[in-house]
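Chemist: Have a look at this one before I ask anything.
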Amino acid sequence: MNVVVVLAVFAASGVEFVEALTIFLAARSVGGWRPAIWGTVVALVALAALVAAFGYAILALFPIGIFRALVGLILLFFGLKWLRKAVLRSSGRKALHDEALIYERELQQLRSATGQNTDSLAFATAFNGVLLEGIEVIFIVLTLGANAGLLQSAILGAAIAFVVVAVAGVLLRTPLSRVPENTLKWIVGIMLTAFGTFWAGEGIGVHWWQQDVSIIVLIVLYALASLALRRWLAPRPQERAA
Amino acid sequence: MRKVWEVILDLIYEDAFQFLGPIVALFVVWLLAKTTQTAWLGVLLFALIALALYLSLRREHKGA
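Chains as they are written, first to last, in numbering that gives the first Met the number 0: chain Y, 0 to 241; chain P, 0 to 63.
If you want it as structure tokens, here you go:
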């Protein structure tokens, strides 16, 4: 057992697990626990199957760059959709344009149809996020473990990181349930757009400043941009009077 | 010329922007990443995606 390898893998895979947890919580807040957990479980089964089938060969066979770009693009689609709706609603612009009757009708249609849509969205989001981060953890464990000849230490480091992040996820469950729905969707939109930008950028060859730290910078930038857009969209005094 | 520009903008408004905006942004940055390696490409990617978001909301602002 090598403590240095355990700590190195713990730190490196911990970052990936935190990213997976963020995506999982985002999926849960939109579609509920069930589809988010199913997406995670199916992704974990797929990861286990990949490792069982390819072992060390996965390092050479898997096109991680293309995979990152695709998952990033999918998250960008979801994230921008939610972010746009959240900006429109919080600025009051959505309610201004929709007549009351149409709005009610749409709401009823959404209520009957969204069960399926949000379930699929939550499943796909959790699945993509966990699969991508899981593959990155496998890469970390295999490269650090294999290079040092200490695979068991590397696996232990990743396992400890997984347990620590999972416990943090359980503790975060209650505070998140108190956040208002539209605010939560705004946060989810920002998170998914930021992660999507980061992963897609990595996939197409962007060298991010300070690597994963850039995700935090992107979250702040998207939050500021959406706040500015909300302010810009807010009805002017003469519109309110009319 | 203005009408052509309006038609192009119409294409990327509403739902279409969610697909075209990020794809165009990634394509432009991917092309640049083949010839240059700088952290500013990340900033450019953010700016292009934020621009797509702005363009999709522009109609809501104009239609007020």
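Yeah, the Cβ is synthetic: ideal placement off N, Cα and C, and Gly gets one too.
Please report the straight-line C-alpha distance between Thr-196 (chain Y) and Ala-160 (chain Y), rounded to a whole angstrom.
Modeler: Taking the straight line joining both Cα atoms gives about 25 Å.
Chemist: Are the C-beta atoms of Leu-25 (chain P) and some chain Y residue less than 8 Å apart?
Modeler: Yes, contact with chain Y.
Chemist: Judging by CA-CA distance, which residue of Y:Ala-42, Y:Val-5 and Y:Ala-233 is the nearest neighbour of Glu-132 (chain Y)?
Modeler: Ranking Y:Ala-42, Y:Val-5 and Y:Ala-233 by Cα distance to Glu-132 (chain Y) puts Y:Ala-42 first.
Chemist: Consult DSSP for Ser-90 (chain Y) and reduce its assignment to one of helix, strand or coil.
Modeler: In this structure, Ser-90 (chain Y) counts as helix in the three-state DSSP scheme.
Chemist: At a CB-CB cut-off below 9 Å, which residues of chain Y make contact with Leu-54 (chain P)?
Modeler: Under the 9 Å cutoff, chain Y gives no residues; its nearest Cβ is about 11 Å from Leu-54 (chain P).
Chemist: For Phe-77 (chain Y), tell me which candidate among Y:Ala-45, Y:Gly-128, Y:Ile-63 and Y:Phe-53 has the shortest Cα-Cα distance.
Modeler: Closest option to Phe-77 (chain Y), Cα to Cα, is Y:Gly-128.
Chemist: Taking only beta-carbon atoms, is Ala-63 (chain P) less than 8 Å away from chain Y?
Modeler: Any answer about Ala-63 (chain P) is weak, because its pLDDT of 48 lies below 50 and its placement is not dependable; what the coordinates show is given next. Closer than 8 Å to some Cβ of chain Y, the Cβ of Ala-63 (chain P) qualifies, so yes.
Chemist: When we look at the beta-carbon of Tyr-55 (chain Y) and count the other beta-carbons within 10 Å, is it buried (16 or more) or exposed?
Modeler: Answer is exposed; the Cβ neighbour count stays below 16.
Chemist: Which runs of the beta strand (DSSP E) at least 3 residues long sit entirely within the region 147-220 of chain Y? Give them in chain order.
Modeler: Whole beta strand (DSSP E) segments, 3+ residues: zero.
Chemist: Below 7 Å CB to CB, which residues in the same chain sit around Arg-83 (chain Y) once its five sequence neighbours on both sides are set aside?
Modeler: Here the set comprises nothing.
Chemist: So with Cβ pairs under 8 Å, would you call Ala-112 (chain Y) a contact of chain P?
Modeler: For Ala-112 (chain Y), the pLDDT reaches just 45, beneath the cut-off of 50, and the residue's location in the model is therefore unreliable, although a value from the coordinates is still provided. For Ala-112 (chain Y), the answer is no, since every Cβ of chain P falls outside 8 Å of its Cβ.
Chemist: Among the candidates Y:Ala-227, Y:Val-86, Y:Ala-51 and Y:Leu-183, whose CA atom is the shortest distance from the CA of Ala-247 (chain Y)?
Modeler: Here chain Y covers residues 0 to 241 and nothing more, so residue 247 (chain Y) does not appear.
Chemist: For Ala-123 (chain Y) and Ala-35 (chain Y), which I take to be in contact (beta-carbon distance under 8 Å), what is that distance rounded to the nearest angstrom?
Modeler: Between Ala-35 (chain Y) and Ala-123 (chain Y) the Cβ distance is about 10 Å, and since that is not below 8 Å, they are no contact.
Chemist: Mind checking if Leu-124 (chain Y) is an interface residue toward chain P, Cβ cutoff 8 Å exclusive?
Modeler: Sequence inspection shows Thr at residue 124 (chain Y); the Leu mentioned does not correspond to that position. Chain P, which has no Cβ nearer than 8 Å to the Cβ of Thr-124 (chain Y), makes this no.
Chemist: Between the Cα of Val-136 (chain Y) and the Cα atoms of Y:Val-5, Y:Asn-1 and Y:Phe-16, which residue gives the shortest distance?
Modeler: Ranking the options by Cα distance to Val-136 (chain Y), first place goes to Y:Phe-16.
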